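For reference, the structure discussed in these notes is given below.
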Amino acid sequence: MKFEEIREKEKNYLAETFSRFPVAFERGEGATLYDTEGRAYVDFGAGISVNIFGVNDEAWKRTVCEQLGRIQHVSNYYYSEPQCVLAEMLCGRTGAKRVFFGNSGAEANECAFKTARKYSFRKYGEGRAQILSLAGSFHGRTLFTLTATGQAEFHRYFDPFVPEVCSAEADMAAIEEAAGKNTCAVVIECVQGEGGVEALDPVFVKELARFCRERDILLICDEVQCGNGRTGKLFAYEHYGIQPDLVTTAKGLGGGLPIGACLFFEKTEHVLQPGDHGSTFGGNPVVCAGAGNILSRLDENFLLEVQGKSDYLRAKLAKIEGVERVTGIGLMIGLKTGRSAKEIALECLKRGLLVLTAHEYVRLLPPLNITKREMDEGLAILREVIQA
Ligand SMILES: Cc1ncc(COP(=O)(O)O)c(C=O)c1O
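The sequence shown runs 445 to 832 under this note's numbering.
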């Protein structure tokens, strides 16, 4: 189908929730995508950090298709090998004790928030239910996770919100003021994605972890966007030397199929019991088999390569005239220029490069297996656009 035909159908039939870039992709190879007219684009977005091994990845595709040929879905009334194997891998890599699988980042966070409330309820009784998040954060679009999202622009029209959920600035004075006897959990993104690709201050994060530990407030790390190798470690919290009580992740773990995972550590291992939580599609065997393939390839050598690519890109980006700041960690990169990020993204698209934005930042989340040639092609376009 030609692009104009697709655009017409969208206009007539799809919910008007997205303001899209004027392009539709048909296929791809690694970090190169092809649109409906056959034009090539270098992909510095990876479907918002989802396609971490790019497009048409042979090994992932083979694993997914093999599982598809065996059984595509089983209800959670029954045991499932791919689910157990993936959970064991996640626990082995992180020290987590157990995992719950859902279908998205929002669901993973929803699970963590419910777990925090139940943990607190069982231990302290009613009333200790507050979830505290950080200003500038993004935790999802369900009502619970939207309430926790620390950006007012997402809140318009949807109140009343979930009670006992609020946000504070990322400094200890603000946290101490906002957190009270009724706080059961604090949720952070070590590198805020939607908020502007800003890595949290390591001193603050360490102090926050200590503050939480002393008060038996659960620390939740939302690793939906910054997790799964994106920052050069499996999870971004590893850069900070902290031990969260719950970790949520999604996006890249599925390699392109929908998954969400909530990892329970020591304190939260036994909190959820039969009947407390569930999901029809969560832990789907095809998705879990594919995720197992992805996770097995995010080994130490590969993560070192990610760090090397990050160093390479950051050094080149910092030298582009007009780039004022390069933020984030690893291959989660924010660029501040004097110009509108949206304008830059549109200009890049016209020249064959896909980039994302986060407020006034150009946001780069390339597939982790991007090649040097693809990086150089993308850099050349970015340079042209930013210097124009
Ligand atoms: C940090 C973070 N948490 C949660 C979410 C929500 O994930 P999903 O869109 O899969 O529900 C996102 C999505 O961008 C995110 O970046």
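All C-beta atoms in this analysis are idealised placements derived from N, C-alpha and C, irrespective of residue type, glycine included.
Since we're looking at a predicted model, the values are computed, not measured.
*Taking C-alpha atoms, which residue in 459, 830, 744, 452 lies nearest to residue 791?*
Within the sequence shown, numbered from 1, the residue matching residue 791 stands at position 347. Ranking the options by Cα distance to residue 791, first place goes to 830.
*Sort 500, 659, 509, 632 by Cα distance to residue 648 and report the nearest one.*
Here residue 648 is taken as the residue at index 204 of the sequence shown, counted from 1. The option with the nearest alpha carbon to residue 648 is 632.
*Going by the C-beta, is residue 721 closer than 7 Å to any heavy atom of ligand 1?*
As a working note, residue 721 is residue 277 in the sequence shown. Flag unset: Cβ of residue 721 not near ligand 1.
*So what does DSSP say about residue 541, is it helix, strand or coil?*
Working through the sequence shown from its first residue, we reach residue 541 at position 97. It is coil, neither helix nor strand.
*asked:* Quick test of your reading: residue 726 and residue 484, contact by CB under 8 Å. State the CB separation rounded to the nearest angstrom.
replied: To locate residue 726, count along the sequence shown from 1; it is residue 282. To locate residue 484, count along the sequence shown from 1; it is residue 40. With a Cβ gap of about 36 Å, residue 726 and residue 484 do not count as contacting.
*Can you tell which of 645, 619, 677, 522 has its C-alpha closest to the C-alpha of residue 537?*
Sequence index remark: in the sequence shown, residue 537 carries index 93 (1-based). Closest option to residue 537, Cα to Cα, is 677.
*Roughly how many whole angstroms lie between the Cα atoms of residue 708 and residue 778?*
The residue labelled residue 708 in the question sits at position 264 within the sequence shown. The residue labelled residue 778 in the question sits at position 334 within the sequence shown. So the alpha carbons of these two residues sit roughly 30 Å apart.
*What's the C-alpha gap between residue 672 and residue 711?*
As a working note, residue 672 is residue 228 in the sequence shown. As a working note, residue 711 is residue 267 in the sequence shown. Looking at the two C-alpha atoms, the distance is approximately 23 Å.
*How about residue 558: is its Cβ closer than 7 Å to a heavy atom in ligand 1?*
The residue given as residue 558 occupies position 114 in the sequence shown. Answer for residue 558: no, Cβ out of range of ligand 1.
*Identify every residue that forms a DSSP beta bridge with residue 833.*
The chain is shown only over 445 to 832; residue 833 falls outside these bounds and no answer can be derived.
*Among 688, 449, 506, which has the Cα closest to the Cα of residue 541?*
The residue you call residue 541 lines up with position 97 of the sequence shown. Of the listed residues, the one whose Cα sits closest to residue 541 is 688.
*Go to residue 505, then tell me how far its alpha helix (DSSP H) extends in each direction, as first and last residue.*
Taking the first residue of the sequence shown as position 1, residue 505 is located at position 61. Unbroken alpha helix (DSSP H) run through residue 505: 502-514.
*Using CA coordinates, which residue listed in 773, 679, 691, 758 is at the minimum distance from residue 742?*
As a first step, residue 742 must be located in the sequence shown, where it is residue number 298. Comparing Cα-Cα distances from residue 742 to each of 773, 679, 691, 758, the minimum goes to 679.
*With DSSP as the reference, label residue 555 as helix, strand or coil.*
As a first step, residue 555 must be located in the sequence shown, where it is residue number 111. Note: residue 555 maps to helix in three-state DSSP.
*What are the start and end residues of the beta strand (DSSP E) that includes residue 730?*
Indexing the sequence shown from 1 puts residue 730 at position 286. According to the DSSP assignment, residue 730 belongs to no beta strand (DSSP E) but to the alpha helix (DSSP H) extending over 729-741.
_Alpha-carbon spacing of residue 786 relative to residue 564, whole angstroms_ = As a first step, residue 786 is located in the sequence shown; it is residue number 342 there, counting from the start. As a first step, residue 564 is located in the sequence shown; it is residue number 120 there, counting from the start. Cα to Cα, residue 786 sits roughly 43 Å from residue 564.
*asked:* Can you determine whether any heavy atom of ligand 1 sits closer than 7 Å to the C-beta of residue 582, and answer yes or no?
replied: Counting from one through the sequence shown, the residue named residue 582 turns up at place 138. At least one heavy atom of ligand 1 sits closer than 7 Å to the Cβ of residue 582.
*From the beta carbon of residue 625, is the nearest beta carbon of chain B less than 8 Å away?*
The chain inventory of the structure shown lacks chain B, comprising one protein chain alone.
*the stretch 762-779 in contact with the stretch 800-817 per 3-pair CB rule at 8 Å*: yes
*Quick one: what's got a C-beta closer than 7 Å to residue 578's C-beta in the same chain, skipping five residues either side?*
Within the sequence shown, the letter at position 134 stands for residue 578. The beta carbon of residue 578 lies closer than 7 Å to those of 594, 611, 612, 614, 632 in the same chain, with the five residues before and after it left out.
*Cβ of residue 546 within 7 Å of any heavy atom in ligand 1?*
Your numbering for residue 546 matches position 102 in the sequence shown. No, the beta carbon of residue 546 sits no closer than 7 Å to any heavy atom of ligand 1.
_Give me, in chain order, the residues of the same chain whose beta-carbon lies closer than 7 Å to that of residue 622; leave out the 5 immediate sequence neighbours on both sides._
As a working mapping, residue 622 is identified with position 178 in the sequence shown. 576, 610, 612, listed in sequence order.
*Taking the DSSP output, what are the residues bridged to residue 612?*
Locating residue 612 in the sequence shown gives position 168, counting from the first residue. 578.
*Exposure label - residue 501; buried when at least 16 CB within 10 Å*: Counting from one through the sequence shown, the residue named residue 501 turns up at place 57. It is buried - the Cβ of residue 501 has at least 16 other Cβ atoms within 10 Å.
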